[in-house]
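**Q** This is the structure I want to talk about, given as structure tokens.
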Amino acid sequence: MKPIALNYLAFAVVIAFAGYGKAQTSPVKSVTWKIDNLNEIGGQPVTVMGNPQLIAAPGAVLFDGIDDGLVVKTNPIAGARAFTLEAIFRPDANGSKEQRWFHIQQDNSENRVLLETRLIGEEWFLDTFIKSGENSRPLYAENFKHPVGVWYHVALVYDGKEMRHYVDGKLELSGPLIISPLDQGQTSIGVRMNRLYWFKGAIRKARFTAKALAPNDFMRKN
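Everything in the sequence shown is counted per this note's numbering, starting at 2 for the first residue and increasing by one.
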């Protein structure tokens, strides 16, 4: 009888351990920021630069392209080995040729994630950048131009091996990249963290997911 008892005990331990592993599985983390006020974003206090204006409908912040910007003292993708950064924004005419409008920066480091625009007349294209340690990659979509003055959804996706970006759900560029997760840091909106390359236009919403999303899972633009 003793061998049977021991076998039963071992079986029970295996089942309990398997159940423990399942119980510890947590859903993919996703955080949405409504960028519709100047006091707090994503539950975090905001530092305001210049004089950005609120747009009541559809609920957004308007930046003048000169000295308007916001800083949120958190890195919403800290620790993520894969992530999707989405934003809904409207680039306006007559801004600077180069604009850094969404910038996540790790504290005391050059590690960063950037959403940028390049203006050419009445058109713009998306320029994205990821850096961690010695590895980095830009995606400079100069062959994918879009008219200014229109609301767009953009997504920067990193799956642990590849970086790619989309405009309104359509893939524009991709490239291989292997990086370590970014640590804690800050996020600037409407300008690069060092207060250069100011954005002219409006930003309405951002979402951060600790997973590489497919276009069908992106948030809706409207």
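For each residue, glycine too, the CB sits at the ideal point set by N, CA and C.
Note that the structure is predicted; figures quoted are calculated from it, not measured.
Between G191 and T85, what straight-line distance do the alpha-carbon atoms span, to the nearest angstrom?
**A** If I take the Cα positions, the gap works out to 19 angstroms.
**Q** For the region 42 to 87, list the beta strand (DSSP E) runs that are entirely contained and at least 3 residues long, ordered along the chain.
**A** With a minimum length of 3 residues, the continuous beta strand (DSSP E) runs that stay inside the region 42 to 87 are 45 to 50, 54 to 56, 61 to 65, 70 to 73.
**Q** Under a Cβ-count criterion, where at least 16 other Cβ atoms within 10 Å of its own Cβ denotes burial, should L10 be classed as buried or exposed?
**A** In this prediction, L10 has a pLDDT of 34, which is less than 50 and means its spatial position is unreliable; nothing more can be read from the coordinates.
**Q** Using only CA atoms, which one of L39, I105, G80, G44 lies nearest to R61?
**A** The question names Arg, but residue 61 is Ala in the sequence shown. The shortest C-alpha separation from A61 is found at L39.
**Q** Enumerated in chain order, which unbroken segments of the beta strand (DSSP E) with a length of 3 residues or greater are wholly contained in the region 129 to 167?
**A** For the region 129 to 167, whole beta strand (DSSP E) runs of length 3 or above, ordered along the chain, are 136 to 141, 153 to 159.
**Q** Taking the C-alpha atoms as reference points, what is the distance between K222 and G176?
**A** C-alpha separation (whole angstroms): 25 angstroms.
**Q** Quick check on the DSSP output: the beta strand (DSSP E) that includes K35 runs from which residue to which?
**A** Element bounds for K35: 31 to 35.
**Q** Ends of the beta strand (DSSP E) at L120?
**A** Unbroken beta strand (DSSP E) run through L120: 113 to 121.
**Q** Verify whether the separation of the beta carbon atoms of G186 and N76 is less than 9 angstroms.
**A** A contact, by the Cβ cut-off of 9 angstroms.
**Q** Inspect the beta-carbon positions of P216 and Y167 and report whether they are closer than 9 angstroms.
**A** Yes, these two residues count as a Cβ contact at 9 angstroms.
**Q** Which of helix, strand or coil does DSSP assign to P216?
**A** Reduced to three states, the DSSP call for P216 is helix.
**Q** Straight-line CA distance for E135 to K162?
**A** When rounded, the distance between both Cα atoms is 15 angstroms.
**Q** Between which two residues does the beta strand (DSSP E) holding A94 run?
**A** Counting along the chain, A94 falls outside any beta strand (DSSP E), and DSSP gives it neither H nor E.
**Q** Which residue wins for smallest C-alpha separation from E180, given the options I56, I36, A81, K35?
**A** It is worth fixing the name first, because residue 180 is Ile in this sequence and not Glu. It is A81.
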